[in-house]
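Residue numbering for the sequence shown follows the numbering used here, beginning at 4 and increasing consecutively.
All C-beta atoms in this analysis are idealised placements derived from N, C-alpha and C, irrespective of residue type, glycine included.
Below: one structure, written as structure tokens.
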Amino acid sequence: MISLADVYHVLEATVPLYVAMMLAYLSVRWWKLFSSEECSTINKFVAKISIPLLSYQVISMNNPYQMNLKLILADIVQKILALFIFLVISKLLDLVITGFSVCTLPNTLIVGIPLLRGMYGEEAAKILAQIVVLQSLVWYTILLFLFEYRAAEVTVETPSENTGDALLVLSMVGRKLMKNPNTYACLVGLIWALVSYRWGFVLPTIIKNSISIISNGGLGMAMFSLGLFMASQSRIIACSYRMMIFSMVLRCIVGPAFMAIPSYSLKMKGTLLKVALIQAALPQGIVPFVFAKEYGLHPDILSTG
Numbered sequence: 004m005i006s007l008a009d010v011y012h013v014l015e016a017t018v019p020l021y022v023a024m025m026l027a028y029l030s031v032r033w034w035k036l037f038s039s040e041e042c043s044t045i046n047k048f049v050a051k052i053s054i055p056l057l058s059y060q061v062i063s064m065n066n067p068y069q070m071n072l073k074l075i076l077a078d079i080v081q082k083i084l085a086l087f088i089f090l091v092i093s094k095l096l097d098l099v100i101t102g103f104s105v106c107t108l109p110n111t112l113i114v115g116i117p118l119l120r121g122m123y124g125e126e127a128a129k130i131l132a133q134i135v136v137l138q139s140l141v142w143y144t145i146l147l148f149l150f151e152y153r154a155a156e157v158t159v160e161t162p163s164e165n166t167g168d169a170l171l172v173l174s175m176v177g178r179k180l181m182k183n184p185n186t187y188a189c190l191v192g193l194i195w196a197l198v199s200y201r202w203g204f205v206l207p208t209i210i211k212n213s214i215s216i217i218s219n220g221g222l223g224m225a226m227f228s229l230g231l232f233m234a235s236q237s238r239i240i241a242c243s244y245r246m247m248i249f250s251m252v253l254r255c256i257v258g259p260a261f262m263a264i265p266s267y268s269l270k271m272k273g274t275l276l277k278v279a280l281i282q283a284a285l286p287q288g289i290v291p292f293v294f295a296k297e298y299g300l301h302p303d304i305l306s307t308g
């Protein structure tokens, strides 16, 4: 049973972030402090600077030699299953990207870790941290690839069935990803985690603090960006009510169902199973919204999912 102290610890971790969101909302809606161009610039800073450094911090702090193989496999199967289903149902890449984001990329870092720590203790937080690492290292990178592929297809404006056109699109995507800071942040974070946990190396304090001073504010800046977007819309719920309900069904029912299939197939039990299923039903992640806003693909849905 969750005690009042546990509830307080959850609020202690999450309320400050929503304060940042409300401050951004009031800054635009009431105080008129930022123009639309300035809001876009803030979102770009979050996408290109804050999120990559936050990804590095999350990945580098996780011990890659103690990952739970069942949890990793279940997470991979869930994501692949979701991608396959959306590709079969819809031929439009836009809907595949948005559906995948809503269905399988929950808010594990902001809401998940403090909530599950309060429910099941520190063991649950350590288990969920592995999901956070997989999100940052693998799934956000794949999400970026899909966004860049979509943008490249629009630029080329030729049928993708042609082999030459497809290679041109992939070449453009590769160049864009090579220029994206998040690609290098994830790679460097993984390499450092492998080295530091293998041989016990520690970053010099001056380097560690230089990174953490920005990465620690990454989540707050992401929430601030969400608040700016909400304030720029005519209403708080940016998308239609029908779309909001549909996204909630994807988020709270379809996503957990996709996670339950591999979890039970792998005979996961106890806290591991509970964490795997509950995290799949958490609210929508902030990072997918930041990417959706940056690439102009259904940020209204991602802001309410």
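* Asked: Expressed to the nearest angstrom, what Euclidean distance is found between the alpha-carbon atoms of leucine 84 and phenylalanine 261?
  -> 7 Å
* **Local conformation of glutamine 287 per DSSP, three classes** => strand
* **Coarse secondary structure for proline 207, derived from DSSP in three states** => coil
* Who are the near neighbours of leucine 108 in its chain, counting only those whose CB is closer than 6 Å to its CB and skipping five residues on each side? -> Gly288, Pro291
* Asked: How many Å lie between asparagine 212 and isoleucine 52 at the Cα?
  -> 15 Å
* Asked: Sorted by chain position, which residues of the same chain lie with C-beta nearer than 6 Å to methionine 175's C-beta, five sequence neighbours on each side aside?
  -> Ala155
* Considering only residues of the same chain and omitting the five flanking positions on each side of aspartate 9, which have a CB-CB separation below 6 Å? -> Gly121
* To do: Have a look at leucine 206 and arginine 32 and give me their C-alpha separation to the nearest angstrom.
  => 43 Å
* My understanding is that isoleucine 54 touches alanine 263, with C-beta atoms under 8 Å, so please give their C-beta distance in whole angstroms. => Not quite, the Cβ-Cβ distance comes to about 29 Å (not below 8 Å), so this is no contact.
* If you drop the 5 nearest sequence neighbours on each side, which residues of the same chain put their C-beta closer than 7 Å to that of serine 139? -> Ser58, Val61, Ile62, Cys189
* **Neighbourhood of tryptophan 142 by C-beta distance below 8 Å, restricted to the same chain and skipping five residues each side** => Lys82, Thr107, Leu108
* Asked: Below 8 Å between beta carbons: does that hold for asparagine 46 and glutamate 297?
  -> yes
* **CB contact flag (glycine 230, alanine 23, <8 Å)** => yes
* What number of angstroms, rounded off, separates the C-alpha of proline 162 from the C-alpha of leucine 173? -> Annotation note: pLDDT 49 at proline 162 (below 50); position unreliable, no value reported.
* Asked: Below 8 Å between beta carbons: does that hold for isoleucine 217 and leucine 56?
  -> yes
* **Identity of the residues DSSP links to proline 109 by a beta bridge** => Gln287
* **leucine 2 versus Leu149, Ala234, Val136, residue with shortest Cα-Cα distance** => For residue 2 there is no data in the structure shown, the boundaries of the chain being 4 and 308.
* Using the rule of at least 16 other Cβ atoms within 10 Å of the residue's Cβ for burial, across every protein chain shown, is leucine 118 buried or exposed? -> buried
* **Selection from Val18, Thr17, His12, Tyr28 that minimises the alpha carbon distance to phenylalanine 227** => Tyr28
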